[in-house]
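Residue numbers (this note's numbering): 583 to 699.
C-beta atoms are modelled at their ideal positions from N, C-alpha and C, and glycine is treated no differently.
Okay, so here's the structure we're looking at.
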């Protein structure tokens, strides 16, 4: 359950069913975000817990500047991951490639690890 610091939680009624939604229009700056970051913004609103995802993280994304050097790490907690291959091989290859890139840039490749809720 979200902390809902922005009052973004709302209900969408479709026929006889109610669905919880999180309105990104409650966050200043949402209108200029590219679609991919709007998806991330909704995810942050939905998963805001005050610890791993805070109002500051949400505000940081709302004030995103495509020309600025990243200064805030933001958690992404997808509800589902859709892959073209049920074996998981593409995911393992992607992780290995990301670890190699981090190592080549002088970082610690051990920091590239998926989180499972």
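- The C-alpha of residue 598 lies about 21 Å from the C-alpha of residue 605.
- In this structure, residue 643 and residue 622 form a Cβ contact; the two beta carbons are roughly 6 Å apart against a cut-off of 8 Å.
- Of all C-beta pairs linking the region 608 to 619 to the region 636 to 650, three or more are shorter than 8 Å, placing the two stretches in contact.
- Rounded to the nearest whole angstrom, the C-alpha separation of residue 696 and residue 600 is 32 Å.
- Just measuring C-alpha positions, the residue of 630, 675, 587, 680 sitting nearest residue 660 is 630.
- Scanning 690, 686, 614, 693 for the CA closest to the CA of residue 648 turns up 614.
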